[in-house]
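All remarks here apply to the structure that follows.
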Amino acid sequence: MSESTRSSPFIQRPASPDASKRQALSLQYKVNTLQNEFEIEKLSFQREYALLDKKYRSTLDGLDKALNDTKYLYDTNEELEKELEKVKEELSQIKRESETRNLELKQQILSKDKELDDLQATSQSKLSLYENRYHNSQVEVEGSKTLLKRYESEIEKQNSEIKRLQKSVAQKDDEVASLKASRVVMAHHNYSTEELKELTTLNKLLQDQMSFSKDLERTNLAQGNELKKLRATQESQQFLKAENDKLRRKLEQMEPLQTQIQDIQLENINLQSNLASWGLYTNDQDGKTKLGPEEIVREWRVLKQENLNLVNENSKLQLDLSNLKILNDELALERNQILDLNKNYESSILNLKKLNYEIEQQKLLSFEECKLLRQQLEELSSIDENHKTEPVTSFEGIIDGYKNRTEDLTNELKKLNEAILRDSDAGYPSKRRKKSDDVALNYSQRLNELQLQNLELNRKYQAATETITLLQKKIDKIQEIGEKRIRILQLRDSPFLKDQFVKKKRLISLQRENEDLLARLNDTHVEMIPRSVYERLKLDLAELEDEVFNSNKKNVRLREIFNKKSLEFIDAVNSLLGFKLEFQTDGQIKLISCFKPEKYLLADLAHNKLKSNLDTEIEGWNEILGDLVGEKGQIPCFLATITLKLWEKYQRLPC
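In our numbering, the protein residues as written are 1222 to 1876.
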């Protein structure tokens, strides 16, 4: 009985009907106000919950995007590592192939050395053979000289003898002529025997001299033939002597040539040793085409620059990856915090649902109490009217029944709350039912707690917004890093790097040229132009070609821009002034109206002349021209007047 009195919210003594009505109305008002406040709080809570849920989902989407970005970065890093491993494998394979190529080239060098030794031996044998021939030819030349001198002396003797005999023959001819003359004179005389004998002896002598002279002629002819042969042999000896001199000069030049051959052999060995390292790189994958050293060096430098860029990019990616890992850890912590916060929200929502259910039960209970109070008031009023004289004990019985009824209802409400708590969450301990007289106080305390929770939720909401802004900034930074990476890849072949590459290449070529020219100054026997001079000139020519190409490209681009801008200018003038401008080659400007395209104005600014075929289209053409152009000199007003006239005429035309 004591518990029922303590749990009852009503006073123990009986109250008047007016007081009970007022109390019922006040309770009803309180219930309505509490219900309205509860609905308002419920709506505000639902709104805040929806906002927090939306922000939570957006943060989860941001986390998913960040995780996708990290996965993408992981994948790209793995691909780059795989490519790096492939490049390393290719480099090791290239090294192995270069070693094999080096061995092959060494074997080829040994075979070439053997061939060179064989060639030297054959050249020595041929040289000794030519020397023997030269000595034999010298001996023959000396013998031919002595024989030639002997023949020359003999020929001189024969010539002197021939001259003497010719003189004697001339004398004999004179004698024969005189004898013939005397014979003719003395033809008819008789000769003595002595004279006949003398004549016969003379005739014999003459015949002997004639035969001797014929013999001398034959010997002279033979000696002439021998002299011709000797002259031919002399010419051949002179030719052999000249050849001998040439061979001597060649032999004298052989010694520096041998030293030069040795130097060339050493240089060939050095070049072959250098080519051994380039042998594999000069061939492509099919081994058909060969590349030059300049192209190989250029490709190597480009690959080196790309490797440096890839290493820098890899380091940047590793830094970004570490930053992303840290960011991922921070996001994971924040996600855990948000999950904890979500759990707290869910628990608070469950508590609020429980509180809402309790309030609903209390509301129903209050409605039941109000009904009971009304019934009791009606009963009391009927009892007061009909049985005013009944004792107070009956009234106390009614109050006790009311108390018992309220106690039964509170017990049922407690059982229902416990069943709901067991069904919703088995882990939460069951709470004792509060006393009915402390419900209002507990409700106010609960409102204060909800306000405090609201403030705490606002603080958490602000913290969540700050974390969202931080995450957004980090995502923007990651995107900027990606954009920077893309920009670096695009600017890998920048003009600055090209300029530096060309300057370095020029410096190397000039250094080589300087070294070669110094070597040429030190070695005065070498008269050839160094190869480095040709390479430097070739490099200058390539640079000039690049400059010409760039200037042509720039010129073409400027022409395109000029044509585009000039067309834009003409379109702007046409749209603003109503005239299309065409600049003629002779300095004249052709103005075509947009309202009459087949007619035009031709202005010659150099000679201050104006021609047109619009005089048939515009009335009072001469008056307008003389007034605005001739007297006032206002060409813009003249053009505006023409445009207005043509527009009016164009508007009057039927559609």
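Where is the CB? At the ideal position from N, CA and C, for every residue including glycine.
ask   = Which one of S1241, R1727, K1263, L1246 has the shortest CA to CA distance from N1572?
value = It is K1263.
request  = With distances taken Cα to Cα, identify the nearest neighbour of S1358 among L1324, Q1458, I1729.
outcome  = Q1458
message = Quick check: P1751 and L1760, are their CB atoms within less than 8 Å of each other?
response = In this structure, P1751 keeps its C-beta atom at 8 Å or more from the C-beta atom of L1760.
query = Using the rule of at least 16 other Cβ atoms within 10 Å of the residue's Cβ for burial, across every protein chain shown, is L1472 buried or exposed?
reply = Exposed: under 16 other Cβ atoms inside 10 Å.
query = So, are the CB atoms of I1580 and F1259 less than 8 Å apart?
reply = yes
inquiry  = By the DSSP assignment, the beta strand (DSSP E) with F1816 in it spans what residues?
reply    = First-last for F1816: undefined, no H or E at that position.
Contained alpha helix (DSSP H) runs [length at least 4] in the region 1750-1798, N- to C-terminal order = 1752-1798
C-beta atoms of V1723 and E1764 nearer than 8 Å = yes
inquiry  = Buried or exposed for F1184, going by 16 or more other Cβ atoms inside 10 Å?
reply    = Shown here, the chain extends from 1222 to 1876; a query on residue 1184 therefore has no answer.
request  = Could you tell me how far apart the beta carbons of N1795 and K1801 are, in whole angstroms, since I believe they sit closer than 8 Å?
outcome  = 5 Å
query = Quick one: what's A1824 bridged to in DSSP?
reply = I1810, L1831
task = Look at Q1855 and L1846 and say whether their C-beta atoms are less than 8 Å apart.
result = no
request  = Quick one: residues in its chain with C-beta nearer than 8 Å to the C-beta of Q1872, no 5 flanking neighbours on either side, listed in chain order?
outcome  = Spatial neighbours of Q1872 in its own chain (CB-CB distance under 8 Å, excluding positions within 5 residues in sequence) are not present.
task = Determine the contact status of K1832 and L1823, defining contact as a CB-CB distance below 8 Å.
result = yes
inquiry  = Only counting the same chain, and skipping five residues up and downstream in sequence, which positions put a Cβ closer than 8 Å to that of L1427?
reply    = K1393, V1397
inquiry  = Checking the sheet assignment: what are the DSSP bridge partners for E1304?
reply    = Bridge partners of E1304: none, in fact.
task = Compute the minimum distance between the beta carbon of Q1458 and the heavy atoms of the ligand SAH, and state whether it is under 7 Å.
result = The ligand content of the structure shown is nil, which means the ligand SAH is not present either.
inquiry  = Here's the rule I'm using: 16 or more other beta-carbon atoms within 10 Å means buried, otherwise exposed. How should L1867 be labelled?
reply    = buried
request  = Along the beta strand (DSSP E) that carries E1869, what are the first and last residues, could you check?
outcome  = Run containing E1869: none in the beta strand (DSSP E); it sits in the alpha helix (DSSP H), 1856-1873.
task = For Q1853, name the three-state secondary structure that DSSP assigns.
result = According to the sequence displayed, residue 1853 carries Lys and not Gln. In this structure, K1853 counts as coil in the three-state DSSP scheme.
Three-state secondary structure assigned by DSSP to P1612 = Per-residue confidence for P1612 stands at a pLDDT of 43, beneath the threshold of 50, marking its modelled position as unreliable; no derived number is given.
query = Between the C-alpha atoms of P1230 and E1600, what's the straight-line distance to the nearest angstrom?
reply = In this predicted model, P1230 has a pLDDT of only 42, less than 50, meaning its place in the structure is not dependable; the value taken from the coordinates is given anyway. Each residue's alpha carbon lies about 21 Å from the other.
query = Per DSSP, L1739 is paired with what?
reply = Looking at the DSSP assignment, L1739 forms no beta bridge with any residue, so it has no partner.
message = Quick check: the Cα distance between N1773 and E1781, rounded to an integer number of angstroms?
response = 12 Å
inquiry  = I want to see whether chain D comes within less than 8 Å of R1278, judged by CB atoms only; does it?
reply    = Note that chain D does not occur in the displayed structure, where there is just one protein chain.
request  = Measuring alpha carbon to alpha carbon, tell me which of T1422, Q1379, F1460, G1841 ends up nearest S1434.
outcome  = Q1379
query = If we count Cβ pairs, one from each stretch, closer than 8 Å, do we get three or more for the region 1448-1463 versus the region 1351-1368?
reply = Yes, since at least three Cβ pairs between the region 1448-1463 and the region 1351-1368 fall closer than 8 Å, the two stretches touch.
query = When the Cα atoms are used, what is the spatial distance from E1302 to V1532?
reply = 11 Å
key: Meets three-Cβ-pair contact criterion under 8 Å: the region 1532-1543 and the region 1271-1284   = no
ask   = Below 8 Å, can you find three or more Cβ-Cβ pairs linking the region 1558-1567 to the region 1285-1299?
value = no
ask   = Just how far apart, CA to CA, sit E1306 and T1343?
value = 55 Å
request  = Name the residue from Q1732, K1546, E1819, L1368 whose alpha carbon lies nearest to the alpha carbon of E1169.
outcome  = Residue 1169 is absent from the structure shown; the chain starts at 1222 and stops at 1876.
Beta-ladder partner(s) of L1802, from DSSP = L1812
key: Sub-8 Å separation of A1287 and L1585 beta-carbons   = no
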